[in-house]
Each structure stands twice: as structure tokens, then as C-alpha cells.
Amino acid sequence: MLEKKPPSLPLVFYAKLALVLVGIYVFVAILSITQAILVPFLFGVIISIVLHPIVNWLVQRRISRGLAILITLAPVILLTGIILFFITTQAGLLSSLFPKILLKMQVLLHQLLLWISGLFHTNALQVTKWATETEDRLILSTSASIGQIFITLSYTLEKTLLACIYIVLLLFYEPLIVTFLYKLFERRTKAMAEIFTETRALVQKYLTGLVLEAAIVASMYAVGLYLIGIEFALLLGVIAAFLNVIPYIGGAVALSLMLMVTFITKDTMTSSLLVLALAVLIHFIDNTFIIPKLVASKVQINALVAITVVLAGHALWGIAGMILSIPLTGIIKLFFDRIDVLKPWGLLLGNRKEQA
Numbered sequence: 001m002l003e004k005k006p007p008s009l010p011l012v013f014y015a016k017l018a019l020v021l022v023g024i025y026v027f028v029a030i031l032s033i034t035q036a037i038l039v040p041f042l043f044g045v046i047i048s049i050v051l052h053p054i055v056n057w058l059v060q061r062r063i064s065r066g067l068a069i070l071i072t073l074a075p076v077i078l079l080t081g082i083i084l085f086f087i088t089t090q091a092g093l094l095s096s097l098f099p100k101i102l103l104k105m106q107v108l109l110h111q112l113l114l115w116i117s118g119l120f121h122t123n124a125l126q127v128t129k130w131a132t133e134t135e136d137r138l139i140l141s142t143s144a145s146i147g148q149i150f151i152t153l154s155y156t157l158e159k160t161l162l163a164c165i166y167i168v169l170l171l172f173y174e175p176l177i178v179t180f181l182y183k184l185f186e187r188r189t190k191a192m193a194e195i196f197t198e199t200r201a202l203v204q205k206y207l208t209g210l211v212l213e214a215a216i217v218a219s220m221y222a223v224g225l226y227l228i229g230i231e232f233a234l235l236l237g238v239i240a241a242f243l244n245v246i247p248y249i250g251g252a253v254a255l256s257l258m259l260m261v262t263f264i265t266k267d268t269m270t271s272s273l274l275v276l277a278l279a280v281l282i283h284f285i286d287n288t289f290i291i292p293k294l295v296a297s298k299v300q301i302n303a304l305v306a307i308t309v310v311l312a313g314h315a316l317w318g319i320a321g322m323i324l325s326i327p328l329t330g331i332i333k334l335f336f337d338r339i340d341v342l343k344p345w346g347l348l349l350g351n352r353k354e355q356a
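Numbering (UniProt numbering), first residue to last: 1 to 356.
As C-alpha cells, this is what we get:
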């Protein structure tokens, strides 16, 4: 006589919730642990998608794939080298402001000490002693910060080189990778082809728009700062454009840098106010006209999701996570829109036009 199997009980809500939370925790932990591998790999994937059409066009002209990759990467490397050389040389000139910084800080410190001693009716010598001790601690912390900056730069250079290696290998083995994915999802070949096409279009349009936006922002800042009479206007414009790539935070950092240079090189508050007004105007133009037209329209995610994923990316992978968060969310949305069960999530990520 066959034994009857007990009926399978459906998971109650809290059991499902616990499984989902554990799964999310494990997934986030894996992303955090594998950061050193995933971050340069994802940068390599995104950039290789942008360069893919050029490589394929050269291959169709009967040029070997290796040579086609070399021809494609040569102008990119040359342009990057020119930009880095310009920033390095201009930053060297900017370092000449350090004596002015020290002198101005000493004057401000002296004025602050006089104000404190007069306000609290304290001995000026005691206040001076406290200021000297504070200055020594600041010097020590500054030295530590400089050391940390060098460590960060070396780490960034290492990951950049690793990303370049990934770019070359991904472009070289692109036919093999695509064939593998088609074989893996053989029953959904048509859907996979559509996702590949849309992903390539999304990444290419997004990065192209990002580069155009950076060029426009750099030009506006450089011209505006030059008209105000600020030194190193072109360098500050380029730095502002690069920092603007970091969503929502880069602009504030760039403004702080420009105000610091203005405060050091100019003796009046008028210049600082003009720089602040210029930054507000450019920020308004950028967010109202440039970003919606050139960048945001390519990704089709709403502002709430954009801010959330940017902050989550920063918490997980730092600045690299902030840069990667927007295009990766756009790619994830493409998959959600193609899977029936996940379509509500794709709708949640989308903008109001899609919801209408």
C-alpha cells in the first residue's frame, strides 16, 4: 500500500518576505565583496558597447578584429592623454596659489582671534596658543589627507587599467559572448535580440549625450568665469564638467572649488557672488534643458528612482557606483519591460509619460 504524501503547504507571507530579504542581503553582499572585479568590468562593458559599432564596421571592411580594436582605441587613448596632460599642467599652475592661500588664511585667522578675544573678553595670548595647537593638528590631518589622495589615485589608476583590459577582451570576444547568450536563451532568441539591440542603443545614446552635456557645461563655465575675470577659467570649467558626471553631488563640489579659487584670487565679495550666480544659472539651464534632452530622455527613468539608485550606488561602490547607477538602472528597466511578471516594476522605474 502506497503511503500518502502530506500535501505541500504554501509559504505564508512572512516566510516569503524572509526569503526575499535574505536573498537581497546575499545579493548586496556579493556586489560589495566583488567590487574590485565588478566595477572595472561594468565600466568595460559599457564602454565596449559604445565602441562596438566602430569595431564591427572596420571588421566588415575585412580588417582583422585585433587591428580594428587597436584602430578604434587609439583616438580614445590619445584624446584621454591630451585631457589628462592639460589638467595636470594646469593643476601645476594652480598649485602656485598655495602661498596665497596660506597668507590669506593667516590674515583671516588673525582677524578671527581678535574678534574672539574681544567677544569673550579673553587674553589674546591664550587664544593665540589655542589657535597654534589647532593649526598643528590641521597640518597633521592635511598630511594624512594628502597621503590618502595618493592612495586613491593609485587605486583609481589600477582599476582604470583593468577596465581597459576588459574593454579590449570584450571587444575581441564579442561574437563568442553573443553566441553564448543566444544559446543560453535559445527559446527566447527574439526577445534576447531585442534586448541586446535596445541595450546597445540606450548605452550609446546615454554616453553620447553625457559627453555632449559635459562639453556644453565646460564651455559655459569657462566662458562665464573668464568674463568674470577668474583665473584658471578653462581648467575650472573642465573640472566642473567632469564632476558634473557625478549626479546631484558633482555640481556642488565643483561650485565649492570655484568659490575657493575666487575667494583666494579676488579681494571683493562681488566676484564670489557672480560665480555663485553663474553656477546657479548654468545648473538651471543644465537641469531644465540639457539633461532632459540629451541624457534623461535616453534612459527613461523617473527622478525619484534616479536619486535613490545614485545614493545606493554611492553607499555600495562609492563614486564609481554613482556613475554606473543610472545606465545600469536603465538596462535593468529594459529587462523588466520584457518580462511579464516584472512589468509593474518596469512601470515603477519609468517616467510619467510612460505611465500615462
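We put the CB at the ideal spot given by N, CA and C, even for glycine.
Within the model, the alpha-carbon separation for residue 72 versus residue 243 is close to 26 Å. Put simply, the stretch 277-291 does not touch the stretch 191-206. Fewer than three CB pairs are less than 8 Å apart. Counted as a single uninterrupted DSSP element, the stretch harbouring residue 300 is not any alpha helix (DSSP H), since DSSP gives it neither H nor E. Under the three-state reduction of DSSP output, residue 268 falls in the coil class, being neither helix nor strand. Note on geometry: alpha-carbon atoms of residue 260 and residue 278 lie some 15 Å from one another. Burial state of residue 221 is buried, judged by a 10 Å Cβ sphere holding 16 or more other Cβ atoms. According to the DSSP assignment, residue 47 belongs to the alpha helix (DSSP H) that extends over 35-60. Secondary structure of residue 325 (DSSP, three-state): helix. A direct Cα-Cα distance of roughly 15 Å separates residue 180 from residue 191.
DSSP, reduced to helix, strand and coil, places residue 182 within a helical segment of the structure shown.
Within a 10 Å sphere around the beta-carbon of residue 22 sit fewer than 16 other beta-carbons, which makes this residue exposed.
For residue 46, the CB contacts under 8 Å within the same chain, skipping 5 residues up- and downstream, are 203, 207, 324, 327 in chain order. Taking one beta carbon from each stretch, the stretch 154-168 and the stretch 34-52 have 3 or more pairs nearer than 8 Å; the two touch. Burial state of residue 86 is exposed, judged by a 10 Å Cβ sphere holding fewer than 16 other Cβ atoms.
Under the DSSP assignment, residue 173 falls outside any alpha helix (DSSP H); it carries neither an H nor an E label. If you check the CB distance, residue 209 and residue 309 do not come in under 9 Å.
By the Cβ test, the stretch 333-342 is not in contact with the stretch 56-69, since fewer than three Cβ pairs between them sit closer than 8 Å. In the structure shown, the three-state DSSP call for residue 23 is helix. In the DSSP annotation of this structure, the continuous segment of the alpha helix (DSSP H) that includes residue 207 starts and ends at 189-228. Using a Cβ-Cβ distance cut-off of 8 Å, the stretch 218-235 and the stretch 310-318 are not in contact, since fewer than three pairs of beta carbons, one from each stretch, lie closer than that value.
Counting the other Cβ atoms within 10 Å of the Cβ of residue 267 gives fewer than 16, which makes it exposed.
Sixteen is the threshold: since fewer than 16 other Cβ atoms of the shown chains lie within 10 Å of the Cβ of residue 281, the residue is exposed. Around the beta carbon of residue 186, fewer than 16 other beta carbons sit within 10 angstroms, so the residue counts as exposed.
Distance between residue 14 and residue 331, taken at the CA atoms: about 31 Å. Pairing residue 241 with residue 215 gives a Cβ-Cβ distance under 9 Å. Between residue 264 and residue 319, the C-beta gap is not smaller than 9 Å, which leaves the two residues out of contact.
Within a 10 Å sphere around the beta-carbon of residue 317 sit 16 or more other beta-carbons, which makes this residue buried. For residue 231, the secondary structure class from DSSP, reduced to helix, strand or coil, is coil.
Here the alpha carbon of residue 238 sits roughly 13 Å from the alpha carbon of residue 253. Counting every other CB atom within 10 Å of its CB across the protein chains shown gives residue 250 a total of 16 or more, marking it as buried. One alpha carbon belongs to residue 271, the other to residue 115, and they sit about 25 Å apart. Residue 66 carries a helical assignment under DSSP once its states are collapsed to helix, strand and coil. Residue 315 and residue 32 have their C-alpha atoms some 10 Å from each other.
With a cutoff of 9 Å on beta-carbon distance, residue 333 and residue 321 are scored as not near each other.
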